[in-house]
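Read through the structure below, which is laid out as structure tokens, and then see the notes.
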Amino acid sequence: MSSTPERLLSVAPSPAFWIAGIAYAVATAALLGVLAGKASLRKYAIGIVVVAWLAHAADIGWRGTQHVHPAQSVREAIGLLGFILTSGYLLASLRYRLTLGGVVVMPVSLVLLLVARLSPAGDAPEDLSSLGRVHISLATLGVGIFALASALSAMYLVEERTLKKKKFDALAFKDKGTPLESLDRLAHRLIWVGFPIFTVALVLGAIWVSKLGLSLDRPEYPLAAVTWVAFAALLVVRQVYGWRGKRAAKLTLLGFGAALLVLAIYLVRRMGG
Amino acid sequence: MSELFVVGISWRTAPVAVREKLAFREEEVADTLVALTRGQPVAEALLISTCNRVEVYGVAKPGADATGPVRDFLVQQRSIKLADIGDALYEHRGSAAVRHVFRVASSLDSLVVGEAQILGQLKAAYGVATTAGTSGALLGRCLERAFGVAKRVRSETLIARGSANVSSVAVDLAGRVFGDLAGKSILVVGAGKMSRLAAKHLYASGALRIVVTNRSPEKAEVLAREIDGVARPWAELEQLLAEADVVISSTGAREPILTKALFKRVAKARKWKPIMVIDIAVPRDAEPAIGELDGVYLFDIDDLDKVVAQNLAERAKAADHAGKIVEHEAGQFEQWIKTQGVVPTIRAMRSHFTKVADAEVAKALDQLARKDHSPAQQREVVQRVVQLVVNKLLHAPTAALRAGEDAELRAAVLCDLFGLDPDAVVSDRESQAAMDDTAERPEPRKVAT
Numbered sequence: 019m020s021s022t023p024e025r026l027l028s029v030a031p032s033p034a035f036w037i038a039g040i041a042y043a044v045a046t047a048a049l050l051g052v053l054a055g056k057a058s059l060r061k062y063a064i065g066i067v068v069v070a071w072l073a074h075a076a077d078i079g080w081r082g083t084q085h086v087h088p089a090q091s092v093r094e095a096i097g098l099l100g101f102i103l104t105s106g107y108l109l110a111s112l113r114y115r116l117t118l119g120g121v122v123v124m125p126v127s128l129v130l131l132l133v134a135r136l137s138p139a140g141d142a143p144e145d146l147s148s149l150g151r152v153h154i155s156l157a158t159l160g161v162g163i164f165a166l167a168s169a170l171s172a173m174y175l176v177e178e179r180t181l182k183k184k185k186f187d188a189l190a191f192k193d194k195g196t197p198l199e200s201l202d203r204l205a206h207r208l209i210w211v212g213f214p215i216f217t218v219a220l221v222l223g224a225i226w227v228s229k230l231g232l233s234l235d236r237p238e239y240p241l242a243a244v245t246w247v248a249f250a251a252l253l254v255v256r257q258v259y260g261w262r263g264k265r266a267a268k269l270t271l272l273g274f275g276a277a278l279l280v281l282a283i284y285l286v287r288r289m290g291g
Numbered sequence: 002m003s004e005l006f007v008v009g010i011s012w013r014t015a016p017v018a019v020r021e022k023l024a025f026r027e028e029e030v031a032d033t034l035v036a037l038t039r040g041q042p043v044a045e046a047l048l049i050s051t052c053n054r055v056e057v058y059g060v061a062k063p064g065a066d067a068t069g070p071v072r073d074f075l076v077q078q079r080s081i082k083l084a085d086i087g088d089a090l091y092e093h094r095g096s097a098a099v100r101h102v103f104r105v106a107s108s109l110d111s112l113v114v115g116e117a118q119i120l121g122q123l124k125a126a127y128g129v130a131t132t133a134g135t136s137g138a139l140l141g142r143c144l145e146r147a148f149g150v151a152k153r154v155r156s157e158t159l160i161a162r163g164s165a166n167v168s169s170v171a172v173d174l175a176g177r178v179f180g181d182l183a184g185k186s187i188l189v190v191g192a193g194k195m196s197r198l199a200a201k202h203l204y205a206s207g208a209l210r211i212v213v214t215n216r217s218p219e220k221a222e223v224l225a226r227e228i229d230g231v232a233r234p235w236a237e238l239e240q241l242l243a244e245a246d247v248v249i250s251s252t253g254a255r256e257p258i259l260t261k262a263l264f265k266r267v268a269k270a271r272k273w274k275p276i277m278v279i280d281i282a283v284p285r286d287a288e289p290a291i292g293e294l295d296g297v298y299l300f301d302i303d304d305l306d307k308v309v310a311q312n313l314a315e316r317a318k319a320a321d322h323a324g325k326i327v328e329h330e331a332g333q334f335e336q337w338i339k340t341q342g343v344v345p346t347i348r349a350m351r352s353h354f355t356k357v358a359d360a361e362v363a364k365a366l367d368q369l370a371r372k373d374h375s376p377a378q379q380r381e382v383v384q385r386v387v388q389l390v391v392n393k394l395l396h397a398p399t400a401a402l403r404a405g406e407d408a409e410l411r412a413a414v415l416c417d418l419f420g421l422d423p424d425a426v427v428s429d430r431e432s433q434a435a436m437d438d439t440a441e442r443p444e445p446r447k448v449a450t
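Just so you know, the protein sequences line up as chains V and D, in that order.
Those letters in the first sequence? Residues 19 to 291, per this note's numbering, in order.
Those letters in the second sequence? Residues 2 to 450, per this note's numbering, in order.
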């Protein structure tokens, strides 16, 4: 095998990566400031998120020019996942006031970006076919959408608890935030969009694995199945039994937790070589 | 220079029994303003009369003291004696008046700090003054700036954050669960006065319908008519709860009527769709345990009071920051007023300079038009024009500088205005030019034509 894939995987982070990293950190601090009552910081905070998003896009684009496909490995896909998260956050911010959501999403995007760029590159996958790339791309997109739904569900749980426990002096109460019903509805819609994408990714992944003749007793497979089952169950109980609110939010987080574990296993295995 | 002033009475200085004596009806304001500006030493005036204040903002005629006559005018208009309102009338002049207007517009002088109503009232009062023709350049500028300051204060501080009364807090809490109340249904349980207020507030926020139920159907009918709702029998309570999004309860029952057992059935029937219960009855109508059920949000009167107190405390904190913004803006406005004093001088200076330059340029153009000139001759004409303009403009100041007793002071002012450094080395030619009295200089040589 030529040394090209190794070279590609070890492409150093671009200057845009550092800008994005710093902007994510500053945006988190600014959004925390808004939550703490510095209302005038809001417009700057959103501006900084836009800077982080642009820099993140530039970094992915720059890697593209270096022949590093955003879905060529789990490591790259994690970087793309962070980008999808930030994109979704910005889109939702056009309609809703998501200060608390930003405090959740920005650090997650930052961590994903850091893991994607600074973790050891590991070995190049020698057998990454187009089927593999489509599988990784769709799985990343699906998990990205689930991640957004999970961020909204986490916000729901925090806001719901604040309201139920009547913590009127909590930061989550001081910021007017997004209404519980909107958070619940938006998360549900996202799952409706993400679920078919994730399902196709799962099927393609199964075909890919069977083509490669890999063993089926790897731990990520049942975890991926748990993710799928959790979201499928969520859609069913919501539709049939009218589940919503706290129960739906918890189930969303359970499904996403399983998806995160799958990603973590892939990443650790890649780093381990 | 004309001076801004404020004369008035407010909740700070007088109870309502005194304030109402001086209050003006909306339709009286325009005529009062016209009478004020015609009969008193007042050049510009605005009158604001709300439940919490009656104030005249005005500009005195040049050199006049307007506040005394305005006090007398106000009491005469209301046919009361000055003694009737005692020391309640206050006045501010100059910078204190500017600060007061800015503070009022920013709701820092309001009974409930941060309330939004006063800004609208002030804008309306300004509109009346403008229509009546009693608002001029200075007062207009002051008010426009005050509106800008109010906007800044609202956007940069938390002064308007959080509701300041129980009904608004109920709407605010409902907004946290449902967001927009459009399409939502409100159920009023009991026909108490408090529930009427809260229901009206919620209904005004866009709720779809309002249903009233009460043990006594007659009272339910009366309340339903009053708040534009529908009365339903008490026996249907469980079904009504299943259909409602927000419940306001204020019955006179001694025992809880909204029990956990009832709400378990209701929550299931609703498929755990969120429902907010605002229990403003004492003793309480709702068992606290219903708040533990999924999708049920319960708040009692103490909760609402707690939020109001907390919001007011937040506003008081924000008022400090807002006060600094007002101070800064008032300082800038005063600076602007001061510069208005020198505007005529600046205009006269520019006009004089332009006139001198235009006259010399016209002469030169005339000269050039008479026949063809070589490039060297044209250059000479241009140089001569510039020299002539400079000489003419500097003649009077130079003469005055030499003749004046306070020559040194004038020289210092000139150095300051033109950024001159007398100690700097100047060329021989410039030194010579400076020594020559322009009046004694011969006319520059004319170009041969």
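Note that CB positions come from ideal geometry on N, CA and C, so glycine has one too.
It should be emphasised that the depicted structure is a prediction, and the values quoted were computed from it without experimental measurement.
- Task: Check the Cβ-Cβ distances between D:Y58 and every residue of chain V, and say whether any is below 9 Å.
- Result: Within the second sequence, the letter at position 57 stands for residue 58 of chain D. Closer than 9 Å: no.
- At what residues does the alpha helix (DSSP H) containing D:S11 begin and finish? Within the second sequence, residue 11 of chain D is the residue found at index 10, counting from 1. It is not in any alpha helix (DSSP H) - D:S11 instead sits in the beta strand (DSSP E) that spans 5–11.
- Message: For V:E177, report the span of its alpha helix (DSSP H) as first-last.
- Response: Numbered from 1 along the first sequence, position 159 holds the residue referred to as residue 177 of chain V. Residues 148–182.
- Query: Terminal residues of the continuous alpha helix (DSSP H) containing D:S96?
  - Reply: Mapped onto the second sequence, residue 96 of chain D falls at position 95. Segment 95–106, the alpha helix (DSSP H) holding D:S96.
- Where D:I228 falls: helix, strand or coil (DSSP): Position 227 of the second sequence holds residue 228 of chain D. Three-state result, D:I228: coil.
- Query: Taking 9 Å as the CB-CB limit, is D:K261 close to chain A?
  - Reply: Among the protein chains in the structure shown, which are V and D, there is no chain A.
- Item | Per-residue burial, V:A276 [other beta carbons within 10 Å of its own, 16 or more giving buried] | For the purposes of this step, residue 276 of chain V is taken as residue 258 along the first sequence, with counting starting at 1. It is buried - the Cβ of V:A276 has at least 16 other Cβ atoms within 10 Å.
- Query: What is the DSSP secondary structure of D:L47, counted as helix, strand or coil?
  - Reply: The count along the second sequence starts at 1 and reaches residue 47 of chain D at position 46. Reduced to three states, the DSSP call for D:L47 is strand.
- Item | Whole-angstrom distance between V:L112 and V:E177, CA atom to CA atom | Start at 1 with the first residue of the first sequence, and residue 177 of chain V comes out as number 159. Start at 1 with the first residue of the first sequence, and residue 112 of chain V comes out as number 94. Roughly 20 Å separates the two Cα atoms.
- Query: Relative to the C-alpha of V:R151, which residue among V:L272, V:A169, V:V227, V:W261 is closest?
  - Reply: As a first step, residue 151 of chain V must be located in the first sequence, where it is residue number 133. For V:R151, the nearest C-alpha among the options comes from V:V227.
- Item | Beta-carbon proximity list for D:R100, same chain, < 7 Å, skipping 5 on both sides | If you number the second sequence from 1, residue 100 of chain D lands on position 99. Once the five neighbours on either side are set aside, the close Cβ partners of D:R100 are V327, A331.
- Message: Spatial neighbours of D:R216 within its chain, please: C-beta separation below 6 Å, excluding the five flanking residues on both sides.
- Response: Residue mapping note: residue 216 of chain D aligns to position 215 of the second sequence, counting from 1. Hits under 6 Å: W235.
- Query: For V:P33 versus V:L136, is the C-beta spacing smaller than 9 Å?
  - Reply: By one-based count along the first sequence, residue 33 of chain V stands at place 15. By one-based count along the first sequence, residue 136 of chain V stands at place 118. Result no, Cβ atoms of V:P33 and V:L136 do not sit closer than 9 Å.
- Message: Please list the terminal residues of the continuous beta strand (DSSP E) segment that includes D:D304.
- Response: As a first step, residue 304 of chain D is located in the second sequence; it is residue number 303 there, counting from the start. Careful: D:D304 lies outside any beta strand (DSSP E), inside the alpha helix (DSSP H) at 302–371.
- Three-way DSSP call (helix, strand, coil) for V:Y114 in this model: For the purposes of this step, residue 114 of chain V is taken as the residue at position 96 of the first sequence. It is coil, neither helix nor strand.
- Task: Go ahead and label D:A41 buried or exposed: buried means 16 or more other beta carbons lie within 10 angstroms of its beta carbon, across all protein chains shown.
- Result: Translated into positions along the second sequence, residue 41 of chain D becomes position 40. A small correction: the amino acid at residue 41 of chain D is Gln; Ala does not occupy that position in the sequence shown. So D:Q41 ends up on the buried side.
- When the cut-off is 9 Å and only beta carbons count, does V:A250 lie next to chain D? In the first sequence, counting from the first residue as 1, residue 250 of chain V sits at position 232. Closer than 9 Å: no.
- If you drop the 5 nearest sequence neighbours on each side, which residues of the same chain put their C-beta closer than 6 Å to that of D:V278? Counting from one through the second sequence, the residue named residue 278 of chain D turns up at place 277. Here the set comprises V248, A287, L299.
- How many Å lie between D:A183 and V:R262 at the Cα? Mapped onto the second sequence, residue 183 of chain D falls at position 182. Mapped onto the first sequence, residue 262 of chain V falls at position 244. Roughly 20 Å between the two C-alpha positions.
- In angstroms with no decimal places, state the Cα-to-Cα distance between D:E219 and D:R210. The sequence position of residue 219 of chain D within the second sequence is 218, counting from 1. The sequence position of residue 210 of chain D within the second sequence is 209, counting from 1. About 20 Å.
- Under the three-state reduction of DSSP, which class applies to V:D202: helix, strand or coil? The residue you call residue 202 of chain V lines up with position 184 of the first sequence. Three-state result, V:D202: helix.
- Exposure of D:L5, with buried meaning 16 or more beta-carbon neighbours within 10 Å: Counted from its first residue, the second sequence places residue 5 of chain D at position 4. Classification of D:L5: buried, given that the 10 Å Cβ count is 16 or more.
- Using a cut-off of 9 Å between C-beta atoms, extract the partners of V:F164 located in chain D. Here residue 164 of chain V corresponds to residue number 146 of the first sequence, with the count starting at 1. Chain D residues near V:F164: none, gap ~23 Å exceeds 9 Å.
- Query: For chain V, is any of its Cβ atoms less than 9 Å away from the one on D:D321?
  - Reply: Your numbering for residue 321 of chain D matches position 320 in the second sequence. So no, D:D321 is outside the interface.
- Query: Any Cβ of chain D within less than 9 Å of the Cβ of V:R262?
  - Reply: For the purposes of this step, residue 262 of chain V is taken as residue 244 along the first sequence, with counting starting at 1. It does; some Cβ of chain D falls within 9 Å.
- Query: What residues in the stretch 327–348 of chain D bring their beta carbon closer than 9 Å to a beta carbon of chain V?
  - Reply: none
- Query: Ordered along the chain, which non-local residues of its own chain (more than five positions away) have a Cβ less than 7 Å from that of V:A169?
  - Reply: Here residue 169 of chain V refers to the residue found at position 151 of the first sequence. G119, V122, V123.
- Cβ of V:A57 less than 9 Å from any chain D Cβ? Numbered from its first residue, the first sequence carries residue 57 of chain V at position 39. Yes, because at least one Cβ of chain D sits closer than 9 Å to the Cβ of V:A57.
- Close Cβ partners of D:G405 (< 7 Å) along its chain, the five nearest in sequence each way excluded: Taking the first residue of the second sequence as 1, we reach residue 405 of chain D at position 404. Answer for D:G405: R411, listed in chain order.
- Distance, D:A147 Cα to D:Q333 Cα: Within the second sequence, residue 333 of chain D is the residue found at index 332, counting from 1. Within the second sequence, residue 147 of chain D is the residue found at index 146, counting from 1. Whole-angstrom Cα-Cα distance: 12 Å.
- Task: Give the residues of chain D in contact with V:S200, contact being defined as C-beta atoms less than 8 Å apart.
- Result: Walking along the first sequence from the start, residue 200 of chain V turns up at place 182. In chain order: G180.
- Query: Hey, how far is the Cα of V:G260 from the Cα of V:K268?
  - Reply: For the purposes of this step, residue 260 of chain V is identified with residue 242 of the first sequence, where counting begins at 1. For the purposes of this step, residue 268 of chain V is identified with residue 250 of the first sequence, where counting begins at 1. Taking the straight line from one Cα to the other gives about 15 Å.
- How about D:T439: is its C-beta nearer than 9 Å to some C-beta of chain V? Counting from 1 along the second sequence, the entry for residue 439 of chain D is found at position 438. Caution is warranted here: a pLDDT of 48 is assigned to D:T439, below 50, making its placement in the model unreliable, and the coordinate value is therefore given only provisionally. Not an interface residue.
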